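Notes follow the structure.
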Amino acid sequence: MEMLHNRFKDKGLVILAVAAGEERQPVQAFVDEYHLTFPIVLDTHDLVTEDYRVWSIPMTYFINTRGEIVGRVHGSRSWDRNDAIGYVSHLLNV
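Heads up: the sequence shown begins at 1 in the working numbering, then just goes up one per residue.
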């Protein structure tokens, strides 16, 4: 996701990670280990998880500028693969 963030942030992509049910210290250790630069918020009370009906982690949502969910991915993915890059390019019309 860091690669997608760096590649498409100037083309309109905004990545916002939500750490569900986690405390700050392990999340910060993860951010530091992987040198993540996109924002990550803590959802310590699982409010976002409930609102978006997350049933597995990780879960990725693609939300357009109108706030509509236009895509959903269950489980982990290699976001640096050509199919993922193509999907994001398609969503951004670039």
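Idealized CB from N, CA, C, for every residue including glycine.
Just so it is clear, the structure is predicted and the values come from calculations on it, not from any experiment.
TODO: Kindly list the residues whose CB is nearer than 6 Å to the CB of residue 2, restricted to its own chain and excluding five residues on each side of it in sequence; keep chain order.
DONE: 36
Task: Under the three-state DSSP convention, the category residue 41 falls into - done: strand
TODO: Please name the residue in 21, 93, 91 whose C-alpha comes closest to that of residue 54.
DONE: 21
Task: residue 74 - containing alpha helix (DSSP H), residue span - done: Unbroken run through residue 74 is the beta strand (DSSP E), 69-74; no alpha helix (DSSP H).
Open item on the list: Suppose the cutoff is 8 Å on Cβ atoms and the five residues either side in sequence are ignored; what does the same chain contact list for residue 57 look like?
Closed with: 20
Task: residue 80 vs residue 16 beta-carbon contact at 9 Å - done: no
Task: Per DSSP, cross-strand counterpart(s) of residue 34 - done: Paired residues: none, contrary to the question.
Open item on the list: If you measure between the beta carbons of residue 72 and residue 61, is that distance less than 9 Å?
Closed with: yes
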